[in-house]
Amino acid sequence: MVRNSLKFVSWKDRKAVATDLKKIYRSLTVDEAGWELSDFAGVRDEEYPTISQRWQRLWPDLITLFDYAG
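Right, dumping it as structure tokens:
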């Protein structure tokens, strides 16, 4: 999901955006991941709104990954 999201990011911003996205999928709980997604949207939506929109649209599928954590 992160790699696919980076298609929308300029080369100079990729490292920073990838770091922000990692905070979402490395979260320990679904709630924490939701907060991280909200934080990402607050910071990055001005320049890259497509990324957070896709993550929010796919959120029900993504949260199943947290069932396998730990």
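Each step along the sequence shown adds one to the number in the working numbering, with nothing skipped, and position 17 is 109.
Every residue, glycine too, gets a C-beta built ideally from N, C-alpha and C.
Limits of the alpha helix (DSSP H) - the one that residue i falls within
i	result
Ser130	Val122 to Arg136
Thr111	Arg106 to Tyr117
Simplified DSSP state of residue i, which is helix, strand or coil
i	result
Val94	helix
Leu150	coil
Tyr160	helix
Ser144	helix
CA nearest to the CA of residue i, picked from the options
i	options	result
Lys115	Val94, Trp103 and Ser102	Val94
Ala108	Ile155, Thr156, Tyr160 and Tyr140	Tyr140
CA-to-CA distance, residue j to residue i, given in whole angstroms
i	j	result
Pro152	Thr111	22 Å
Asp123	Leu98	24 Å
Contacts around residue i, its chain only, beta-carbon distance under 8 Å, and the 5 residues preceding and following it disregarded
i	result
Leu129	Ile116, Ser144, Trp147, Gln148 and Trp151
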